[in-house]
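Chain order of the listed sequences is A and B. Note that this note's numbering has the first sequence beginning at 1, numbered continuously upward. Note that this note's numbering has the second sequence beginning at 1001, numbered continuously upward. The structure appears below as structure tokens.
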Amino acid sequence: MLTLQRVSRNFGGLAALNAVDMIIPKGQVIGLIGPNGAGKTTLLNCISGLDHPTSGTITLNNKPIHRRGAHRITALGMARTYQNIRLFNEMTALQNILVAQHQQGHSTLLHSLTQWPGHWAEEKWMRQRAMTLLDQLGLQQVQHVLASNLSYGDQRRLEIARALAADPQLILLDEPTAGMNAIETEQVGQQILAMRERGITVLVVEHDMALIAQVCDAVYVLNFGQILAYGTPPEVKQNPEVIEAYLGKET
Amino acid sequence: MWGLLDSLLQPILDLATQLLEPLLERLATVGLSEPVVQFMLMNAILGVSIYLTLNCGMFSLANAGFMAIGAYVGAILTTQHGATLGEALLYGMLVAGIIAIPVGLPVLRLRNIYLAIATIGFGEIVRLIILHFDTLAVEFRDSKIFGPIARPILKLMVEDVDARRLEITLGARGITRIPVYTETAHLVVFLLVLSYFLYRLHHSRMGRAMAAIRQDERVAASQGINVVYYKNVAFVMGAMLAGAAGVFNALATRTIEPKAYGFDKAVDILAYAVLGGLGNWLGPILGGLTLTAIPELLRELREYSGVVTGVILLLIIVYLPGGLTSLMIPSFWRNGGRYEFAKRVTTAGVVLVGLVNVLPYQIDNGRILGYEFWGLIIGNMVIVGLLLWVRYTRQRQNGGHFSLPLMGVGITGVVLFIALALVGKIDHLAVGYYVHLIGMALVGLGGWISYPAEER
Ligand SMILES: Nc1ncnc2c1ncn2[C@@H]1O[C@H](COP(=O)(O)OP(=O)(O)O)[C@@H](O)[C@H]1O
Ligand SMILES: [Mg+2]
């Protein structure tokens, strides 16, 4: 589904990514782990079009996407969450979801001005769909709360709901459980498994090895911008190089 | 088509004129004559024009330039071609909008202060081109390369294209003897239609996308929103509105000159939006109306009107960063717990009392208020003193310290005013009286809310 070939990204002299090769097969949940500063977020930025690789190619369903703008990549069915939560803070939870359904809608300003019947139907449909999503993530109680006033856990969940709202085939999760307690982490795990049930491919950056072991089909290990190891979660866990990378540079 | 539209609009305009008549008479008695009211309405449109771009996260100061374009298109069409207001408006908006496209495409890549500087540059270029348009036009007409393109365009602006000297914008002198077509009713109807447009925009897919771009452009893009497209749409819409305000302006003042649309005007337009607040489309309208009215209301202080406006703006930015309309947004009241809420209620009360006392007393010798000067001076001093105390004691965790005095002032104020009215010391119950009452009541309410729950 998603293929990266020799993707590099340099910031000035620093090679945040160095010739990364990666394959994310359709329908699988792939983990991405590595010490802080390894380049995981940079990699996600390059895939989602917020940043562009200095060299190398990225293809999604055989279409090259490494030169595309973010909104055109979203149109191909990709969505993501952010490590440092980036919700639209002046909007309510519900409005955050409505914005994310931008590409599902078609009504223009003219439809809204004339109160075209189709416009109403679309608004209603969007709201219903948004409510279903909020329901799924246990956010129905706080639908009218401004995103900035939500609890930390709710903000993380809303990020996931917002990514799902775009109806993606591939979803990128950047440390979705950071700062969450064990129960909340467990719930996120259930959400990821539910995504796979629905045929969504997942790339998840995560530090919690238990969660990785629970949900991932395979794991990539990134260190200093390079792929250090690849394998099933138990394999990776026993890989001496990986253990050294983690022990040598505490996360 | 034109005739049909005319026959549809005319009854609405007539009705509006009729309805406005008593209001305009009333406003004239407080120093807001009809021309002033017209300027207030034009500036409200300008406030909206900059709001459209700010609402999409763009700090653009190009609006005075687009206003100039609208004004000159309107003036040339009416003086040279006998165009009607409707035609002038249509073409003024179109030309401003079309020019906005090639300007916006490169310029909107810039952000924040860089965008502001570039758009100020655009405004200056427009002003200079208008200033030297007549000589430039002759140059282009006589040039071998541009002549064939320039001629047909110039033909739209002047009858005799081959004259030795062209007189189109008339440089620094400006265009004079422009027919006066703008009526207050036109502006009111335009503003009403605009309000409907803004209301719908906010509740539409496009409006949500623009709000998302303002809050986080990059996340908006990865949410599937075409940022460049919507920014340009907002920029063009803002330009068209500024163009419309320019047309109205030209057809209201008889004379226009380039210096009226310079940097000063661009800053004024920004001030309308800042004063009114950007959280809500009503803000820039309110801001445009108030900021234009204030210098007229404070007639005695007219010499210092610039200072007064500056002080008001400063106070708003410091104490009400969301602008006047932030007072109307529910979350403004709810956020931050009980003491914060109490403080806001008190602030609102003091703002009301302050507004009604300081502003209209000056202009109408107390006629709007209906009571004596000394009473309100003392009342205000007490309130302002209390407010400052509340602000500076920083006793947020222990509201009880100021809740009793606030309640005292509020209740005394309310009782005193009702008593004064009963014994006939207040000769007529004008609006100001009620506003004052509400303000006092809010001050008292603020005290009550902040009173520690266990003692209530
Ligand atoms: N915009 C940027 N400019 C310069 N350096 C950056 C930028 N973004 C990330 N980096 C650097 O790239 C490296 C990888 O960062 P990041 O991708 O955030 O790591 P991770 O998400 O794995 O913790 C870090 O050394 C970081 O300082
Ligand atoms: Mg990271």
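We treat Cβ as the ideally placed atom computed from N, Cα and C, and that holds for glycine.
Environment of residue 1368 of chain B [buried if 16+ CB atoms lie within 10 Å]: The residue labelled residue 1368 of chain B in the question sits at position 368 within the second sequence. With a pLDDT of only 43 at residue 1368 of chain B, under the threshold of 50, the placement of this residue in the model should not be trusted; the figure read from the coordinates follows. Residue 1368 of chain B comes out buried.
Own chain, CB closer than 8 Å to residue 236 of chain A, minus 5 neighbours either side, in chain order: As a first step, residue 236 of chain A is located in the first sequence; it is residue number 236 there, counting from the start. If we look at residue 236 of chain A and ignore the five residues flanking it on each side, its Cβ neighbours are 33, 219, 221, 229, 230, 242.
Exposed unless 16 or more other CB atoms sit within 10 angstroms - verdict on residue 108 of chain A: Along the first sequence, one-based indexing puts residue 108 of chain A at 108. Under this definition residue 108 of chain A is an exposed residue.
Neighbour list for residue 1221 of chain B in chain A, Cβ cutoff strictly below 7 Å: For the purposes of this step, residue 1221 of chain B is taken as residue 221 along the second sequence, with counting starting at 1. Under the 7 Å cutoff, chain A gives 69, 70, 71.
Residues that residue 1224 of chain B contacts on chain A, provided the C-beta gap is smaller than 7 Å: Residue mapping note: residue 1224 of chain B aligns to position 224 of the second sequence, counting from 1. Near residue 1224 of chain B (Cβ distances below 7 Å), the residues of chain A are 71, 74, 75, 102, 103, 166.
Chain A residues whose Cβ lies nearer than 8 Å to that of residue 1206 of chain B: The sequence position of residue 1206 of chain B within the second sequence is 206, counting from 1. What residue 1206 of chain B touches in chain A: 108, 109, 112.
Closest Cα partner of residue 148 of chain A within the set A/6, A/86, A/139: Taking the first sequence and counting its residues from 1, the one referred to as residue 148 of chain A is at position 148. When each option's Cα is compared against that of residue 148 of chain A, the closest is A/86.
CB contact flag (residue 1092 of chain B, residue 1134 of chain B, <8 Å): As a position in the second sequence, residue 1092 of chain B is number 92, starting the count at 1. As a position in the second sequence, residue 1134 of chain B is number 134, starting the count at 1. Their beta carbons are not under 8 Å apart, which means residue 1092 of chain B does not touch residue 1134 of chain B by this criterion.
Residues in the stretch 43–64 of chain A having any Cβ partner in chain B nearer than 8 Å: 48, 49, 50
Closer than 7 Å: residue 1038 of chain B CB and nearest ligand 2 heavy atom: Here the question's residue 1038 of chain B lines up with position 38 in the second sequence. For ligand 2, not one heavy atom lies less than 7 Å from the Cβ of residue 1038 of chain B.
Minimum length 4: unbroken alpha helix (DSSP H) runs contained in the stretch 1084–1138 of chain B: 1085–1107, 1112–1131
Three-state secondary structure assigned by DSSP to residue 41 of chain A: The count along the first sequence starts at 1 and reaches residue 41 of chain A at position 41. Of the three classes helix, strand and coil, the one that applies to residue 41 of chain A here is helix, per DSSP.
Own chain, CB closer than 8 Å to residue 1214 of chain B, minus 5 neighbours either side, in chain order: What you label residue 1214 of chain B is simply residue 214 of the second sequence in a count that begins at 1. Once the five neighbours on either side are set aside, the close Cβ partners of residue 1214 of chain B are 1054, 1055, 1056, 1057.
Exposed unless 16 or more other CB atoms sit within 10 angstroms - verdict on residue 1122 of chain B: Looking up residue 1122 of chain B in the second sequence gives position 122. Buried, because 16 or more other Cβ atoms sit within 10 Å of the Cβ of residue 1122 of chain B.
Any C-beta of chain B under 8 Å from that of residue 195 of chain A: Here residue 195 of chain A is taken as the residue at index 195 of the first sequence, counted from 1. Not closer than 8 Å to any Cβ of chain B, the Cβ of residue 195 of chain A fails to qualify, so no.
4-residue-minimum alpha helix (DSSP H) runs that sit fully inside the stretch 1–52 of chain A, ordered along the chain: 40–48
Chain-order list of residues whose beta-carbon lies under 6 Å from that of residue 1261 of chain B (same chain, five-residue window excluded): As a position in the second sequence, residue 1261 of chain B is number 261, starting the count at 1. Excluding residues within five positions, the ones whose Cβ falls inside 6 Å are 1064, 1067, 1068.
Simplified DSSP state of residue 1240 of chain B, which is helix, strand or coil: Along the second sequence, read from residue 1 onward, the residue named residue 1240 of chain B stands at position 240. It is helical.
Whole-angstrom distance between residue 1120 of chain B and residue 1060 of chain B, CA atom to CA atom: Residue mapping note: residue 1060 of chain B aligns to position 60 of the second sequence, counting from 1. Residue mapping note: residue 1120 of chain B aligns to position 120 of the second sequence, counting from 1. Going by the C-alpha atoms only, they are around 8 Å apart.
Neighbour list for residue 1227 of chain B in chain A, Cβ cutoff strictly below 9 Å: Taking the first residue of the second sequence as 1, we reach residue 1227 of chain B at position 227. Here the neighbours are 69, 70, 71.
Coil, strand or helix - residue 115 of chain A by DSSP: For this step, residue 115 of chain A is matched to residue 115 along the first sequence. Coil.
Chain A contact residues for residue 1201 of chain B, given Cβ-Cβ distances below 9 Å: Here the question's residue 1201 of chain B lines up with position 201 in the second sequence. Chain A residues near residue 1201 of chain B: 109, 112, 113.
Per DSSP, cross-strand counterpart(s) of residue 227 of chain A: By 1-based counting over the first sequence, the position of residue 227 of chain A is 227. Per DSSP, A/222.
DSSP state of residue 78 of chain A mapped onto helix, strand, coil: By one-based count along the first sequence, residue 78 of chain A stands at place 78. Reduced to three states, the DSSP call for residue 78 of chain A is strand.
Limits of the alpha helix (DSSP H) - the one that residue 1070 of chain B falls within: Your numbering for residue 1070 of chain B matches position 70 in the second sequence. Note, residue 1070 of chain B: alpha helix (DSSP H), 1063–1081.
Residues near residue 189 of chain A in its chain [Cβ-Cβ closer than 7 Å; skip 5 each side]: Residue mapping note: residue 189 of chain A aligns to position 189 of the first sequence, counting from 1. Closer than 7 Å at Cβ, skipping near neighbours: 211, 214, 215.
Option in A/225, A/80, A/95, A/61 with minimal Cα separation from residue 146 of chain A: On the first sequence, residue 146 of chain A is found 146 positions in, with the first residue counted as 1. Taking only the C-alpha atoms, the option nearest residue 146 of chain A is A/95.
Alpha-carbon spacing of residue 1151 of chain B relative to residue 1161 of chain B, whole angstroms: To locate residue 1151 of chain B, count along the second sequence from 1; it is residue 151. To locate residue 1161 of chain B, count along the second sequence from 1; it is residue 161. Cα-Cα distance, rounded: 7 Å.
Coarse secondary structure for residue 56 of chain A, derived from DSSP in three states: Residue mapping note: residue 56 of chain A aligns to position 56 of the first sequence, counting from 1. Residue 56 of chain A falls in the strand class under three-state DSSP.
Residue 1036 of chain B beta carbon less than 8 Å from that of residue 1296 of chain B: By one-based count along the second sequence, residue 1296 of chain B stands at place 296. By one-based count along the second sequence, residue 1036 of chain B stands at place 36. In this structure, residue 1036 of chain B lies closer than 8 Å to residue 1296 of chain B by Cβ.
Run of the alpha helix (DSSP H) containing residue 1188 of chain B, from where it starts to where it stops: Walking along the second sequence from the start, residue 1188 of chain B turns up at place 188. It spans 1184–1202 - the alpha helix (DSSP H) in which residue 1188 of chain B sits, taken as one unbroken run.
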